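Note sheet for the following structure.
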Amino acid sequence: MKKFNFRKVLDGLTAASPVGSSGGGSGSGAGGSVHPGGTAGAAGTPREEIQETLTSDYFQICKTVRHGFPYLPTALAFDPVQKILAIGTRTGAIRILGRPGVDCYCQHESGAAVLQLQFLINEGALVSACADDALHLWNLRQKRPAILHSLKFNRERITYCHLPFQSKWLYVGTERGNTHIVNIESFILSGYVIMWNKAIELSTKTHPGPVVHLSDSPRDEGKLLIGYENGTIVFWDLRSKRADLRAYYDEAIHSVAWHHEGKQFMCSHSDGSLTLWNLKSPNRPFQTTIPHGKVQRDGKKPESCKPILKVEYKTCKNSEPFVVFSGGLSYDKPCRRPSLTIMHGKAITVLEMDHPIVDFLTLCETPYPNEFQEPYAVVVLLEKDLIVVDLTQTNFPIFENPYPIDIHESPVTCTEYFADCPPDLIPVLYSVGAKHKKQGYSNKEWPISGGAWNLGAQTYPEIIITGHADGSVKFWDASAITLQMLYKLKTSKVFEKQKVGEGKTTAEIVEEDPFAVQMMYWCPESRIFCVAGVSAYVIVYRFSKHEVNTEIASLEVRLQSEVEDIITPEPETNPPFPDASSQLPSLKSLSGSTNTVACEGTMKDSIPCLSVKARPVRMPPGYQADLVIQLVWVDGEPPQQITSLAVNSAYGLVAFGNCNGLAVVDFMQKTVLLSMGTLDLYGSSDPYQRQPRSPRKSRQFAADNFCMRGLSNFYPDLTKRIRTSYQNHVNGHCTSPTSQSCGSGKRLSSADVSRANRRGPGRPPFRKAQSAACMEISLPVTTEENRENSFSRSRSSSVSSIDRDSKEAITALFFMESFARKNDSAVSSCLWVGTGLGMVIILSLNLPASDDLRHSEPVVVSPSGTVLTLKGAVLTFACLDCMGTLTHQPYEVWRDPHSADDGDKTRKRKLVMHSPSSSQDMGDHQFAVICSEKQAKVFSLPSQTCLYVHNITETSFLLRADVVTLCNSVCLACFCANGHIMTLSLPSLRPLLDMNYLPVTDMRIARTFCFTNEGQALYLSSPTEIQRLTYSQEMCDNLQDMLGDLFTPVETPEAQNRGFLKGLFGGSGQAFDREELFGEATAGKASRSLAQHIPGSGGIEGVRGAAGGVIGDLTRARIALDERGQKLGELDERTASMMASAEAFSKHAHEVMLKYKDKKWYQF
527 MKKFNFRKVL DGLTAASPVG SSGGGSGSGA GGSVHPGGTA GAAGTPREEI QETLTSDYFQ
587 ICKTVRHGFP YLPTALAFDP VQKILAIGTR TGAIRILGRP GVDCYCQHES GAAVLQLQFL
647 INEGALVSAC ADDALHLWNL RQKRPAILHS LKFNRERITY CHLPFQSKWL YVGTERGNTH
707 IVNIESFILS GYVIMWNKAI ELSTKTHPGP VVHLSDSPRD EGKLLIGYEN GTIVFWDLRS
767 KRADLRAYYD EAIHSVAWHH EGKQFMCSHS DGSLTLWNLK SPNRPFQTTI PHGKVQRDGK
827 KPESCKPILK VEYKTCKNSE PFVVFSGGLS YDKPCRRPSL TIMHGKAITV LEMDHPIVDF
887 LTLCETPYPN EFQEPYAVVV LLEKDLIVVD LTQTNFPIFE NPYPIDIHES PVTCTEYFAD
947 CPPDLIPVLY SVGAKHKKQG YSNKEWPISG GAWNLGAQTY PEIIITGHAD GSVKFWDASA
1007 ITLQMLYKLK TSKVFEKQKV GEGKTTAEIV EEDPFAVQMM YWCPESRIFC VAGVSAYVIV
1067 YRFSKHEVNT EIASLEVRLQ SEVEDIITPE PETNPPFPDA SSQLPSLKSL SGSTNTVACE
1127 GTMKDSIPCL SVKARPVRMP PGYQADLVIQ LVWVDGEPPQ QITSLAVNSA YGLVAFGNCN
1187 GLAVVDFMQK TVLLSMGTLD LYGSSDPYQR QPRSPRKSRQ FAADNFCMRG LSNFYPDLTK
1247 RIRTSYQNHV NGHCTSPTSQ SCGSGKRLSS ADVSRANRRG PGRPPFRKAQ SAACMEISLP
1307 VTTEENRENS FSRSRSSSVS SIDRDSKEAI TALFFMESFA RKNDSAVSSC LWVGTGLGMV
1367 IILSLNLPAS DDLRHSEPVV VSPSGTVLTL KGAVLTFACL DCMGTLTHQP YEVWRDPHSA
1427 DDGDKTRKRK LVMHSPSSSQ DMGDHQFAVI CSEKQAKVFS LPSQTCLYVH NITETSFLLR
1487 ADVVTLCNSV CLACFCANGH IMTLSLPSLR PLLDMNYLPV TDMRIARTFC FTNEGQALYL
1547 SSPTEIQRLT YSQEMCDNLQ DMLGDLFTPV ETPEAQNRGF LKGLFGGSGQ AFDREELFGE
1607 ATAGKASRSL AQHIPGSGGI EGVRGAAGGV IGDLTRARIA LDERGQKLGE LDERTASMMA
1667 SAEAFSKHAH EVMLKYKDKK WYQF
């Protein structure tokens, strides 16, 4: 044992003591307490030995990129020159998409729904109209778009906007029926207004309704077509300020579309009809059709259909025009899916969609409205999908979508994130995943191809794994802030599908989504993958490049907490590690018995929740099921859902736990090594003297019903009832150790509890598997206090942890080469077990001495007698070597289990037991890092001295904690329920970062947040989107280089030459000076009370971040210079205009002078 001076150790520890962490926001009360702990002989480690390189300068938080389908979409726009697409949402977000890799997310501060989007075509700008009656101009010429101007309407509600191509005047229709005009450059309202009462005929007695359509004539820009909701159409002459013509129809108008020649237009109506109008005869439509209406036998008008919400009328030079519309289906088919109809000549094609249609756009070859449009594709925005249809092929195939918008194909239930993983994994996963891709897509290139994107400096491989409610698992390539699907695994395929009416040999505990993935564990080096499902099962997968046809091995495990009515402190009642075969229940379990279900008069026992396929199963290349482990019903008690999971390929073991206890399974020999209640794990080392008491039903309800708590978002009274029962307890209302508070508020004795435990036949206890899209926190904690009331911050420290619940959940598991006991001189194989009461139990694993005997000799699991304690439920473990370097868990180097060159002989396994930097000759001790929901501790092993402790929070609790690497060093990253993201140095636990960044507004965030190496993290920001963020200063600095460019310099295509005769006879196409008509000089100023101009922050983007420094000064100077140059440019234009005007005046005056030069006065 190394000799040292204890005083020196104490000095070193004191020097490392953190100076009270910023506890105001995170509630980290005793944030800097350091306990040297142990005796003088303890193997403490002086602070000077570990050179910690990380400082607070290495950390900064910012969002990087958002993946997935925009949640609750409302609007769609496309720039036909830049070829970028914009989608607005109900939450005020805008997603701008270009070529794969170009994906930008921006958010309106107001959060108001986006009503409409309009690109300034090929100008690098976008106008958004929101439900709060505000217009915003976005600058897209920067990688992170920002608002340049906003205009807030005060007295009128915006209903429709139209921006003509190459115009700087935006037409805005309102709910009152008025049309206003906004200058896009200055975002100031023109004094020119088209009032509804001037637009309609004076004899009309009713209001025409809101403006539902605005468009200028392709033939004459000086004519504006205004569509009103009640069926009135007005063709307004902007120059003469009067209506050229008016048309009326009996049915409400939903949309209007022009023929490119400007002589005809088409309207869609609420009765499912399309009307075609000619400007020369506006009295009635010259053609009316109800495309999906049944033709009546007696020649009457076809019967009405559902409204046609939008129609587009696009012409082709060499074929019939395309008429594309949504809706309009017959009422007699109520179950028919939403559809898009394409009419091309006499052919009518109906494309049925999986989700309701929000909007669609026809993509055309030209941006000019007065040319043949030549449509080539239709972009269809659905409520939960984005589809692009190829119009150039007769069968209208869809394009293969390159964006990761199918994350939510089934609701996401859990996520894992791996940065800097082995580089060969991504191509291998892609190769097995590519074989399952769908066929029948269009062979054309994806038409939304705008923007520019490069790899940037970040090159390490990243993989995101998502688990879903239908049992599927998706692997995604997340390198270089992109996302691409690699491989999809369907875990439900190992189970039989339960047919309706069959006699059940299983007993489900969930009605919907019984295969939902609850937890995942992946070892990238060995490619072992493990999932825990909501129906209390664990599946171990091995990766193979070869197809195999084999039976699936399965095991059944009895894991039930056998708690007597009186728990005595004598160790004899809990014999240490009884044989697994003796785990049969001898007593009726009281804890967890609220879930008991009687079925057909018999008690369920030894029945799994699902049935594994017994026949040989064909397994394609990729992940193949090696073993299925199922928990079974015990004495009518359903198995409880799994709360922790760990696998180790070197040991060949999988461990999992729930609120009843722990199970350890040898997946190489397919045997159960350990299955026992948590209390039995302590043996004689139980630190608590458990007093006689009865279990409390309210606690059991909370512990046993992980899924049911997910419903509390929809049933707040349930949450209120649970919280009230807890409040009653901490306020002293429930004082009797034998009384029990329940949901209804009445008390039951323990005898009543046993009677209440048995319910009659009824619904299964878990009604629906939780999806991360709608779930409450299912924290790995046993007590309802931590789960529910940490949010209300009404916790009571007077309630001792052992008095909360007799059921102690297993919340964290960790396989490691470590010192199991105080006197160990060498590391050995261990399993670290963390519980919901903050206890850490170390189990010794006795593996066969040689690898040749691994398949024949048993593995022995035994208690080490070591028990460590923390405050709050244990969340994570890690191990550092004596130099402070993170020690990797032992693993087996991957080899294909079904490789053809194996023959009959079994190849020897290649094991990596230590990281190169942490071999045994590097020192005689190591550091164990343990983090709970309340505090973090660092222990020196084998002395088990607590070197450092940091109380992270007093008033809240951690949702996630991970030990991660950053800049070739290591730190502890934490996410707190109050929204704080924190990092702590290791091993000294100095606070490096504490920022109140992400309020847990939705439990989805709590369930899906995870950290990974290199300063990256992610969470599910909505049911359909993954938000990635970084807490690395270096990545924040380099983010601009990694993001794609939305705007690229592209020349606007030239307008077609109209030809002499067409220009002479085919309509004006005459020049129309909007500036002269709408400018302040002619139209005057608009009323100030009508709309308020709000300058945006887009012009000074980046100044805030650099404010106060030289960079800030330079940035401000550059922007001021740009603005000065812009003003000088405007002044130059005005000067030139004045000079031209002066010359014209001079010329005119000279002509007048010449005309009257020689005339006498009487000749005038």
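Numbering (my numbering), first residue to last: 527 to 1690.
Note that the Cβ used here is the ideal one computed from N, Cα and C, for glycine as well.
No experiment lies behind these values; they were computed from the predicted model shown.
Buried versus exposed, by CB contacts within 10 Å (16 or more), residue i
i, result
"GLY966", "exposed"
"MET1568", "buried"
"THR1479", "buried"
"ALA1670", "exposed"
"HIS593", "buried"
"LYS1333", "buried"
"VAL821", "exposed"
"MET1679", "exposed"
"HIS818", "buried"
"VAL1386", "exposed"
"SER845", "exposed"
"GLU1659", "exposed"
Nearest neighbour of residue i, chosen from the options [CA to CA]
i, options, result
"LEU1691", "GLN919, ASN896, THR920, ASN927", "Nothing about residue 1691 can be reported from this structure: the residues present for the chain run from 527 to 1690 only."
"ARG810", "GLY819, SER998, LEU771, TYR839", "LEU771"
"PHE1692", "ARG1486, LEU1009, ARG1141, TRP664", "Because the chain here runs from 527 to 1690, residue 1692 falls outside it and cannot be looked at."
"LYS1139", "VAL915, LEU1081, TRP1358, ASP1131", "LEU1081"
"PRO734", "ASN1522, LEU1484, ARG1600, MET721", "MET721"
"GLN813", "LEU800, GLN822, SER1469", "LEU800"
"ASP746", "LEU740, ASP763, PRO1146", "ASP763"
"ARG1084", "GLN1010, ASN1186, VAL904", "ASN1186"
"THR1017", "GLY993, LYS836, TRP1002, ASN969", "GLY993"
"PRO599", "CYS588, ILE613, GLN608, VAL591", "ILE613"
For residue i, the residue or residues it bridges with in DSSP
i, result
"VAL876", "THR867"
"ASN1477", "GLN1461"
"SER1080", "VAL1154"
"ALA601", "GLY614"
"TYR1417", "VAL1438"
"LYS749", "ASP763"
"ASP885", "LEU907"
"GLY699", "TYR686, THR705"
"SER1376", "Note: SER1376 sits in no beta bridge, so no partner."
"VAL783", "Val is not the amino acid found at residue 783; the sequence shown has Ala there. In the DSSP output, where bridge partners are listed per residue, ALA783 has MET792."
"GLY853", "ILE834"
CB of residue i within 7 Å of CB of residue j, strictly
i, j, result
"MET1046", "ILE990", "no"
"ASP658", "SER636", "yes"
"THR939", "VAL1043", "yes"
"GLN1461", "LYS1397", "yes"
"PHE1573", "GLY650", "yes"
"THR1578", "PHE944", "no"
"ILE1078", "ALA1151", "yes"
"ALA1338", "SER1170", "yes"
"CYS1497", "LEU1512", "yes"
"PRO1142", "THR1076", "yes"
"TYR584", "GLN1559", "yes"
Distance cut-off 6 Å: residue i Cβ against heavy atoms of the ligand FMN
i, result
"PRO882", "Ligands are entirely absent from the displayed structure, and the ligand FMN is therefore not among its contents."
Worksheet item: Mind pulling the alpha helix (DSSP H) runs of 4 or more residues that sit fully within the region 1505-1553?
Response: 1529-1534
Worksheet item: What are the complete alpha helix (DSSP H) segments, minimum 4 residues, inside the region 934-997?
Response: 951-960
Discussion item. To test your reading of the DSSP string, which unbroken beta strand (DSSP E) runs of 3 or more residues are found completely within the region 1326-1373?
Written reply: Listed in chain order, the complete beta strand (DSSP E) runs (minimum 3 residues) inside the region 1326-1373 are 1336-1344, 1354-1361, 1365-1372.
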